[in-house]
Amino acid sequence: MGWWITIGLLLASASLVVSQQPRLPNVTYTPTPWDGISQQLIGFPPLGKIPINPLWTALVNTTGIPIGPLASNVTGVGAEMWQGTTDHTYCSDKNTFGITFDDGPGMYTTNLLNFLKSINLKVTFFTIGVQIVQYPAVFKSIFDAGHQIGCHTWTHPWLTSLTNEQIIMETFWCEQAFQAVLGIRPVYMRPPHGDINPRVRSILIQMGYTIVEWTKDTNDWRMSYDTTFQGSWVTGNVSQWIQQQKAGTLLPNGGGPILLEHDLWSQSAALGPSVINLVRNAGFNIQRIGDCLGDPPANWYRNATVMPGFATLPTPSPTQSPIPSLQPTAEVVGTSVAPQSSSGLYSAPLIVLIACVIVGLIFVIQL
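Taking mature numbering (1 follows the signal peptide of the UniProt record, and there is no 0), I'd label the letters of the sequence shown as residues -19 to -1, 1 to 348.
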């Protein structure tokens, strides 16, 4: 009898896959069929588009949302940037800097991740939905490395220029990108451009978001279009802010500054290590935003939600070819779920059960 029990145990153990995902209390990882390498994420709108789905907007209770005029145009002219008491703009401890990178993931994010890994440092990334679906492997590598990730909308618009429905869809589509790759949804959110007013804030809070702004903008993004803008201006400003923080004049309330940087462009991503080294060499701690606010990691993400009429992946086919942005990178750390069988019809545990039953029947017949 012992021989068939041994076979059953070996078959069962062969089906086990150890997840590489960080363990988060109170959060359930919803398995995603994305294999981390070769499948294209589908079901998302064309890049730069934000279609309205009434079934989705109906999920948000907009009763009591302040009524106000939209910003004059979508380029931000006339946009409102009103910080509220619920918006986080600094860390709790004066000896701590919160380092954040916006607008990725992108082709330059991996180099930044390699640097952060080399010094064993964790920071926060606020990611754009359209970038997530273009670079899902890079996005997953950010999460697997232990960095905090927040939502930065789907297309990076000026939110005060949008209708309530458009704001809701910008946020939901970003969440769907999170779910398609990680199987969870974010809790932290940064409005693009820091553009927010009471109406936008009320919608985001109604959707369960913790809103994060910043203390100082490094303006590294200017290097992406202004050839006269010098990186030394960024590091010079950071050095000045460090001295002001030491003197207690940068944040008289006693908190620690949150810095805004970007990983989407080559120039800004390459400048990230210099800024980080300045802060570290000055003797300050660098933390993820959740950490620097004293918020436990269990609060940083939410369970996935099934949205009406949405599918993230096609049925895998032998003729399906990978898209370039889904090629594996050096930072990818495994997949979070076991791969599907070649037929796609039976899961590994079911196959193990069937095998054990067959072996058991053979044993009984021999008796």
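Glycine included, C-beta positions come from ideal geometry on N, C-alpha and C.
Unbroken beta strand (DSSP E) run spanning residue i, endpoints
{"i": "Val129", "result": "First, the residue type needs correcting, since residue 129 is Gln and not Val in the sequence shown. Gln129 -> beta strand (DSSP E) spans 129 to 132."}
{"i": "Leu240", "result": "237 to 243"}
{"i": "Thr209", "result": "First-last for Thr209: undefined, no H or E at that position."}
{"i": "Thr136", "result": "Per DSSP, Thr136 belongs to no beta strand (DSSP E) and is neither H nor E."}
{"i": "Asn284", "result": "282 to 284"}
Residue i versus the options, residue with shortest Cα-Cα distance
{"i": "Pro254", "options": "Met150, Thr70, Met88, Val104", "result": "Val104"}
{"i": "Ser142", "options": "Pro238, Pro86, Asn178", "result": "Asn178"}
{"i": "Gly164", "options": "Pro26, Val287, Leu40", "result": "Val287"}
{"i": "Lys197", "options": "Met204, Gln221, Arg180", "result": "Gln221"}
{"i": "Leu28", "options": "Trp246, Gly189, Trp135, Leu185", "result": "Trp135"}
{"i": "Val219", "options": "Thr209, Ile239, Met204", "result": "Ile239"}
{"i": "Ile123", "options": "Ser249, Ile257, Glu146, Lys98", "result": "Lys98"}
{"i": "Phe25", "options": "Leu102, Pro47, Arg180, Phe159", "result": "Phe159"}
{"i": "Gly249", "options": "Leu274, Trp195, Gly236, Thr216", "result": "Correcting the residue identity first, residue 249 is Ser in this sequence and not Gly. The shortest Cα separation from Ser249 among Leu274, Trp195, Gly236, Thr216 belongs to Thr216."}
{"i": "Leu259", "options": "Thr43, Gln224, Gln129", "result": "Gln224"}
{"i": "Trp50", "options": "Gly264, Arg180, Trp281", "result": "Reading off the sequence, residue 50 comes out as Pro, not Trp. Minimum Cα distance to Pro50 is reached at Arg180."}
{"i": "Asn95", "options": "Ile184, Asp244, His137", "result": "Asp244"}
Span of the alpha helix (DSSP H) around residue i
{"i": "Asp125", "result": "117 to 125"}
{"i": "Glu151", "result": "145 to 163"}
{"i": "Thr91", "result": "90 to 99"}
{"i": "Thr38", "result": "35 to 38"}
{"i": "Ile80", "result": "No alpha helix (DSSP H) holds Ile80; the beta strand (DSSP E) holding it covers 77 to 83."}
{"i": "Leu185", "result": "179 to 187"}
Rounded separation between residue i and residue j - CA only
{"i": "Tyr116", "j": "Gly131", "result": "16 Å"}
{"i": "Pro172", "j": "Val111", "result": "15 Å"}
{"i": "residue 353", "j": "Thr209", "result": "The structure shown does not extend to residue 353, since the chain spans only -19 to 348, so no value can be given for it."}
{"i": "Val119", "j": "Gly127", "result": "13 Å"}
{"i": "Leu102", "j": "Ala279", "result": "19 Å"}
{"i": "Arg203", "j": "Pro35", "result": "38 Å"}
{"i": "Glu146", "j": "Ile31", "result": "10 Å"}
{"i": "Asp161", "j": "Leu22", "result": "Here residue 161 turns out to be Ala, not Asp, going by the sequence shown. Cα-Cα distance, rounded: 7 Å."}
{"i": "Cys337", "j": "Ala285", "result": "In this prediction, Cys337 scores a pLDDT of 47, lower than 50, which makes its location untrustworthy; the coordinate-derived value is nonetheless stated afterwards. Cys337 and Ala285: Cα-Cα distance of roughly 34 Å."}
{"i": "Thr91", "j": "Gly85", "result": "10 Å"}
{"i": "Ser323", "j": "Gln187", "result": "Residue confidence for Ser323 is low, a pLDDT of 28 falling below 50, so the modelled location carries little weight; the figure read from the coordinates is stated next. Cα to Cα, the separation comes out at about 43 Å."}
{"i": "Tyr206", "j": "Thr43", "result": "38 Å"}
{"i": "Thr144", "j": "Ile48", "result": "10 Å"}
{"i": "Leu185", "j": "Leu93", "result": "29 Å"}
Per-residue DSSP class, three states only, for residue i
{"i": "Arg203", "result": "helix"}
{"i": "Asn266", "result": "strand"}
{"i": "Val193", "result": "strand"}
{"i": "Lys227", "result": "helix"}
{"i": "Pro167", "result": "strand"}
{"i": "Gly217", "result": "helix"}
{"i": "Thr105", "result": "strand"}
{"i": "Asp272", "result": "helix"}
{"i": "Pro27", "result": "coil"}
Chain-order list of residues whose beta-carbon lies under 6 Å from that of residue i (same chain, five-residue window excluded)
{"i": "Glu242", "result": "Phe82, Thr199, Asp201, Gly253"}
{"i": "Gly45", "result": "none"}
{"i": "Gly212", "result": "Leu252"}
{"i": "Arg182", "result": "Gly65"}
{"i": "Pro289", "result": "Leu36"}
{"i": "Phe153", "result": "Trp37"}
Proximal residues to residue i (C-beta, below 8 Å), its chain only, five neighbours per side dropped
{"i": "Arg283", "result": "Val8, Ile165, Arg166, Pro167, Val168, Gly189"}
{"i": "Ile33", "result": "Glu146, Gln147, Met150"}
{"i": "Lys75", "result": "Gln226, Gly229, Leu232, Gly235, Gly236, Gly237"}
Close Cβ partners of residue i (< 7 Å) along its chain, the five nearest in sequence each way excluded
{"i": "Val247", "result": "The question names Val, yet the displayed sequence has Ser at residue 247. Correct list, in chain order: Tyr89."}
{"i": "Thr70", "result": "Gln64, Glu194, Trp195, Thr196, Ile239"}
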